[in-house]
Each structure stands twice: as C-alpha cells, then as structure tokens.
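Residue numbers (my numbering), protein chains in the order written: chain A, 109 to 463; chain B, 109 to 463.
Just so you know, even glycine gets a beta-carbon here, dropped at the ideal spot from N, CA and C.
All of these numbers come straight from a predicted model, not from anything done at the bench.
The structure appears right after this line, and notes come after that.
There are 2 protein chains.
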Amino acid sequence: MRKSATSRVTILDVAKMAGVSPSTVSLVLNGKHDRMGEETRERVMDAVTKLGYSANHMARALKTGFVPTIGLVVPTVANPFWGEFARRVEHAALAQNYQVLLCNAERSPAREQLYVESMLARGIRGVILGSSPLSLQHISGAAKCGLQVVVFDRLMQGSEGLDFDSVRVDNVLGARLAITHLLELGHRRIGFVSGPLSSSSRKDRLEGYRSTLLSHGIEPDESLVWVANARPDNGEEEATEIGRLAAATQLRGPNPPTAFFAINDMTAIGIYAGVRDLGLRIPEDISVIGFDDINLCRSMNPPITTVRQPLEELMNSAVDLLIGRMEQKNLGPTTHVTLTPNLVLRGSTGPWRAR
Amino acid sequence: MRKSATSRVTILDVAKMAGVSPSTVSLVLNGKHDRMGEETRERVMDAVTKLGYSANHMARALKTGFVPTIGLVVPTVANPFWGEFARRVEHAALAQNYQVLLCNAERSPAREQLYVESMLARGIRGVILGSSPLSLQHISGAAKCGLQVVVFDRLMQGSEGLDFDSVRVDNVLGARLAITHLLELGHRRIGFVSGPLSSSSRKDRLEGYRSTLLSHGIEPDESLVWVANARPDNGEEEATEIGRLAAATQLRGPNPPTAFFAINDMTAIGIYAGVRDLGLRIPEDISVIGFDDINLCRSMNPPITTVRQPLEELMNSAVDLLIGRMEQKNLGPTTHVTLTPNLVLRGSTGPWRAR
DNA sequence: ATGAAAGCGCTAACAA
DNA sequence: TTGTTAGCGCTTTCAT
Chain A
109 MRKSATSRVT
119 ILDVAKMAGV
129 SPSTVSLVLN
139 GKHDRMGEET
149 RERVMDAVTK
159 LGYSANHMAR
169 ALKTGFVPTI
179 GLVVPTVANP
189 FWGEFARRVE
199 HAALAQNYQV
209 LLCNAERSPA
219 REQLYVESML
229 ARGIRGVILG
239 SSPLSLQHIS
249 GAAKCGLQVV
259 VFDRLMQGSE
269 GLDFDSVRVD
279 NVLGARLAIT
289 HLLELGHRRI
299 GFVSGPLSSS
309 SRKDRLEGYR
319 STLLSHGIEP
329 DESLVWVANA
339 RPDNGEEEAT
349 EIGRLAAATQ
359 LRGPNPPTAF
369 FAINDMTAIG
379 IYAGVRDLGL
389 RIPEDISVIG
399 FDDINLCRSM
409 NPPITTVRQP
419 LEELMNSAVD
429 LLIGRMEQKN
439 LGPTTHVTLT
449 PNLVLRGSTG
459 PWRAR
Chain B
109 MRKSATSRVT
119 ILDVAKMAGV
129 SPSTVSLVLN
139 GKHDRMGEET
149 RERVMDAVTK
159 LGYSANHMAR
169 ALKTGFVPTI
179 GLVVPTVANP
189 FWGEFARRVE
199 HAALAQNYQV
209 LLCNAERSPA
219 REQLYVESML
229 ARGIRGVILG
239 SSPLSLQHIS
249 GAAKCGLQVV
259 VFDRLMQGSE
269 GLDFDSVRVD
279 NVLGARLAIT
289 HLLELGHRRI
299 GFVSGPLSSS
309 SRKDRLEGYR
319 STLLSHGIEP
329 DESLVWVANA
339 RPDNGEEEAT
349 EIGRLAAATQ
359 LRGPNPPTAF
369 FAINDMTAIG
379 IYAGVRDLGL
389 RIPEDISVIG
399 FDDINLCRSM
409 NPPITTVRQP
419 LEELMNSAVD
429 LLIGRMEQKN
439 LGPTTHVTLT
449 PNLVLRGSTG
459 PWRAR
C-alpha cells in the first residue's frame, strides 16, 4: 500500500484544534444549519485556514454518492473544433460549480466505453458525448447503472432501447444552406468531402447535400461524394489529410467538381492544400465551404465561408440538461434541442466560371 | 443525500454469490497470493462477470491512498499544439496503465491552482504542467502535500525553494536555428512576434533570437520585437489574432521587417493572415518561420517552415519521470531533460529581395 | 487457503 | 446548538 509522503490534514484535525466534534466541522463546511453558534463557526473556520485543510473528495463522494463533475467525451482534442467545444462545456459547467473531466476517445467505441466505465467507477453520474459511433450500445451498461447522458450531434432512434437527451444543430438545414449558396453562385458540380459517416450529423449533412441538389433539379452524382474509409485501428485520419487527398483525386478526375462542401472546417483546410497542390486558386477556380466556423476560418487565405454552429448556446443547453438530470430536477421525458445553424459568408466561395 | 437510481453491485454481492468472503474476492481481483484455490478463483470470476461487477475506484483509493491517474494542465485546448501534446501524454500514460485527467487552465494561475488542488482532493498524486506562469508559487502548497510535478517548457531556478523534474526542448537553440536560417537567406530585419512572455520557453526563444542576431554582428532593433500584452482577465488573446495584428502593424511601420520569427505555429498562421491583408506574398515579400511543427503547418499555403519539437520523446520522458516518482522508483535528485529541436524547411521562407 | 475485523475520511441520522 | 454513531466500498493485517 503506497501512501503519500505527507499525509493530509483531515476533518478530525480541524475538530481537535477547534475543540468541537467532526460533525460540527462538517456542518460548518457544508453551510448546513445556519442556526449554529457564530462563535463556533469562526473557531472552525480559523482552524481550517490555519491547518490549510481541504476536504477529501473521495471520502465525501463515497459517503454521499455524489460527485460534482461531469464527463465529456470528445473524438479528438487535436481538432480545434473539439477544443472550442470543450471550453464551452467547461465554462457552462464551472458556472454551476461542476468540474469537467475531459476524455479523448479517438473515435474508438472501445475507448469510449472504457472512459465511461472509469467515470462511473469514480462516481461521476453524468456525461456529455461528443460525436462518436452511431450505435450507443457500448454505453447502455453504464446508462443502466444510473449514468445520465446527453449526446451531441445525433438523435437516437430508440431502436436500441436507449433514449438520451440530445443537443445538436440542424445538420440537414446546415447542408442546405451551404449547397443553396453554391447553387446560387452557379455551381452545378459540387463535391461532398467527409471522413467516415460515423455519426448521424455526418449522415444528415450528406442527406441535406443530396436533397438540396434534388430539389433544384440536379441528380446527385455519386462520383462526387467522397467518404474516406475508417482505418482498421478504428481511428480516423486527420481531417486535413482527408480533404487534401479528396481534392487532389477529385480534381484530377474526368469530370471534376467546381466547388466542395466539406464536412467540417479542418477538412476544408485540407481541401485548400489539395487545391493549391494543383496550382488552382480559391475561389476563382474552385469554391470551398466548410462547417463549424472554428476561429481558424478567419485566418485562412482566403477566409473560409462556412456554416456556423452556435456552440455556446448548444453547450449551455447540454450542460443545463445534464445537471438537471443529475440533480433530479428534471424527471420528464427526454428532451431534444435542435438549434439553427447559419451561413457565414467569407472569401472561399465565388461565382462559377468556365475554366 | 443524492443516491444513484440504480445502486451498483459491490464486492459483497460478488462474495455472496461465490460463497466466499469479501476479502477473498479482493484477493482474487488484485491477483494477490497466487497460492489460492483455482476452483475458488473461478467461482469468484464467474460471479464477477455474471453480476457485471466493477470496482469502486473511490473506495479503493480511499483505502489505499493511491490513484492510477496523472493530471495534465495545459494553457488551452483550443490551440492544436496542446491537443497534440495531450494525446502524446495520454498515449504514454495509458501504456503504463495510468489514466490522464486533462485540465484547461486558460493561462490563469488561479485556475491552475484550483485544478491542482482539486486533483489532490481526488487523490491524484502526480501532475504534468504545460506552459504556464513563470512562478510556480501557487503550486507549492500542493507540492508540500506530496504532489509530484513534472513541468514542461521551463526549468525552475529554485529561487522559490521549488525544484521539479522538467522536460523541454532547447528553446534557445530552436530560436538560433530559425534566425540563422533567415540570416542565411539574406534577411537582416527580422521581427519577433509573441504573446506575453509568460513562460521561460518564450523568454528563451527571445533570448536565442537576440543572441543569434548579435553573434552575427547585428544589433537587435527593439522596434522589431512584438510582445502582446496579457489581458486584464489574465487570459491570452488567440495566438492567431496576435500574429495578425503584429504583422499588420509592423509591416506598415517606418522600417518594416522582411521576415518574422513567430513564437509558435498558430502565431505564424496569424501572421499569414496579416501579411495577406496587406496584399503581400509569402515567401516572396515576407518570410515567416514558426515553432512547434503542428500538423496544420503542412496544410497551409505555403506550408510553414518551422522549428520542430520532438513531442513524442518529450512526453514519453515526462510520463516516465512522473510515474517513477509516484511509484517511488525514482528517489534521486530532480532530473531535467532537454531535447534538441530541429528545423523543418518548407515553403514559408525564401531569400531576401529588395522590395 | 480463506475469513473476520478494522478503518481510509467523510456525512447524516439521531441523541442529547 | 452540538456530539455520538454508523457506515459508504474497499483492502489488508491477523487469525484460523
């Protein structure tokens, strides 16, 4: 049994110094029963500061069965979108005195499951799931153990007997916004570029792409949709690499697109690189539109036209929903929040011109 | 007292089902005393799987005083460098059966301290500190409580009575590599662009910049060093914004630089934007060199020439060092690992030409 | 080879 | 208003 070099000061030490019982100290610390001797309270607080006491969260959690922490599982922190996402969640959580445990699942259901179980073992009772595999089967065990879950980016079909609160942007609409914009600029051959269709948000965006084309009388050309394969290790290639390869390949094909709709901004950045490799210009030769509106969009040359997700509102809702469940203030049926994306016009899209 | 809806199965349930005592179950689970009835062991394992038992980490930690988790504090996950950094740490830690608790301090010493104390309260005994304020005073309390610390990116002067293991790249050399390269290309007016000099790595890079110039007979021109101010809220502007503003301002000045050395790649990306805003080209009109070598460098137009930090090796060392301390396998004096950076030539630097 | 019992640090009935 | 007591789930001597 490994023990810390310097054992910490406990509630007993405080009690002894203040000349009261441990339960009194606990009462003071937790602000219970304000009908308590003001003088006693002060003695206790004095001892606390003198001793530099700070509570042992594990002992408290073991006793109360409650941990003021929410778990956050994201597919990868290497993509700035998820970094921004995590910051928003953390901000909203901190405002309600919850901490955030951030987990990087690398788009692997196995890792996701591992993390979720580890959270449960640590007494964490609520988790926000970022984009991840379509099936939530691997989470069901945890859910049965009382774990509250809010998913981002996908609605459950309930087909698995699972039904979680969810929060997302209207992805079909987002895609429609993007494609309509391109169509209005005169583009007719629009490429769709994505990593594996591993989340319903991605499927929705593809659906929005197809349906918008159709509704404008254009038959979707399957040779124009590029969906990267998942890698054998269950991971996913870097979005930038996917975009670059897609652009290079598509543009050299027999009937190249004149515009690309990227599944997200990082993929759009990759497309930029692919386009440049061929000596083509954006937006003069090729238009590109992204999704998310990460900060980087403004720094690119040209700045990226994209579909913005209202991340702050989305994450505020997610955190409120989750904490409501954890504190049993919300016992109703599952809630699904869908917010509206909007198009941010910048420099990467321009009118179609014959080349 | 809030309790989980579905109480989890405990070691007692397993013991009952297997018809043994709880201590036997514990023994089996922890692989102790292999001189144990094979048949008993099987009965226990059977019960474990049937019941879907998984240990309560809090109870275990409370008892043993040991948590197989290391904390990782980074300044911001919105910058992909730190995302990559976190992935490396996580990878190295997982290989040794440790989990990683990722904390986003937003470059605020107050938040850093908060996180560190919260880790201590959760029984975490080791933490890796990414770049953060020069003073580690706010960590000293935790360190006295037995928290093991490995710092990245800075060496302690010991002036505060603190002395931690550390891991870093030779930042002075990194800057020398960059500046020498620019000098060899013929540049004489080289700008230095950075956010607040809030870490010794940044100070070192500035020192390397100055000393290299000096050693080549060039008197550093202070009007060429751009160091953004810290914001009142203790946070830091986005690196890209700093770069953009620096480039815009410097380039419009009376005696503009012909090349920029950016404190990191994200700042270099911001400089790209600032240069473009003025209708200038990279590298024809202006050369730019970054630091870190994040993946994004390869996707930019032109790809960014940069000073590479060997992140994988760095993080492997950090994790090994930390776990060695936590498991008391390493009791020696503090260790300081310094690795060598190397220049990655790409397209953002070119020969000086009179404009 | 296995069980009984103590206790990690804390909180929450219940007493006083 | 404050103290006593029992235990949260686990590990680990010490018995047997």
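Item                                                                                                                        : Value
The segment 408-422 of chain B in contact with the segment 247-254 of chain B per 3-pair CB rule at 8 Å                     : no
The segment 182-192 of chain B touching the segment 370-380 of chain B, judged by at least three CB pairs closer than 8 Å   : yes
Interfacial residues, the segment 373-388 of chain B to chain A, with Cβ spacing under 7 Å                                  : I377, G378, Y380, A381, R384
Alpha carbon of L135 of chain A to alpha carbon of G238 of chain B, nearest angstrom                                        : 38 Å
Close Cβ partners of K111 of chain B (< 6 Å) along its chain, the five nearest in sequence each way excluded                : Low per-residue confidence applies at K111 of chain B: pLDDT is 38, beneath 50, and the placement is therefore not dependable enough to give any value.
Three CB pairs or more closer than 8 Å across the segment 171-181 of chain B and the segment 221-233 of chain B             : yes
Cβ-Cβ distance between F369 of chain B and V335 of chain B below 9 Å                                                        : no
Cβ separation of V280 of chain B and G316 of chain B, assumed to be a contact under 8 Å, to the nearest whole Å             : 4 Å
9 Å Cβ cutoff, Q245 of chain B in contact with chain A                                                                      : no
Chain B contact for L170 of chain A (CB, 9 Å cutoff)                                                                        : yes
Whether V445 of chain A touches R416 of chain A by CB criterion (9 Å)                                                       : no
Proximity test, Cβ basis, 9 Å: P183 of chain B and chain A                                                                  : no
Where N409 of chain B falls: helix, strand or coil (DSSP)                                                                   : coil
Of the listed residues B:L159, B:A355, B:F272, B:R296, nearest to P328 of chain B (C-alpha basis)                           : B:R296
Exposed unless 16 or more other CB atoms sit within 10 angstroms - verdict on P449 of chain B                               : buried
Where L237 of chain B sits in the DSSP three-state scheme                                                                   : strand
Beta-carbon gap between L290 of chain A and I397 of chain A smaller than 9 Å                                                : yes
From A:W460, A:L270, A:I377, A:V197, residue whose alpha carbon lies closest to that of M408 of chain B                     : A:I377
Runs of alpha helix (DSSP H) lying entirely within the segment 334-388 of chain A, each at least 4 residues, in chain order : 347-360, 373-385
Through-space distance from L170 of chain B to T114 of chain B, alpha-carbon basis                                          : Any reading at T114 of chain B needs caution, since the residue's pLDDT is 49, under 50, leaving its predicted position unreliable; the model's value is listed next. Cα to Cα, T114 of chain B sits roughly 22 Å from L170 of chain B.
Chain B contact residues for S162 of chain A, given Cβ-Cβ distances below 7 Å                                               : E225, A229
6 Å CB neighbourhood of V133 of chain A in its chain, flanking five on each side removed                                    : I119, V122, A123, V152
Euclidean distance between Cα positions of R454 of chain B and E292 of chain A                                              : 38 Å
Exposed unless 16 or more other CB atoms sit within 10 angstroms - verdict on P459 of chain A                               : exposed
Presumed contact (8 Å Cβ cut-off) between I247 of chain A and A426 of chain A, rounded CB distance                          : With 8 Å as the limit, I247 of chain A and A426 of chain A do not qualify as a contact, their Cβ atoms being about 16 Å apart.
Cβ-based burial, H165 of chain A [other Cβ within 10 Å; buried from 16]                                                     : buried
Cutoff 8 Å; reference R143 of chain A; Cβ partners in own chain excluding five residues on either side                      : none
Cutoff 9 Å: T348 of chain B Cβ touching any chain A Cβ                                                                      : yes
Beta-ladder partner(s) of N450 of chain B, from DSSP                                                                        : B:R416
S395 of chain A in three-state terms, based on DSSP                                                                         : strand
Buried versus exposed, by CB contacts within 10 Å (16 or more), R276 of chain A                                             : buried
Beta-carbon gap between P410 of chain B and I390 of chain B smaller than 9 Å                                                : yes
9 Å Cβ cutoff met for L321 of chain B and Q358 of chain B                                                                   : no
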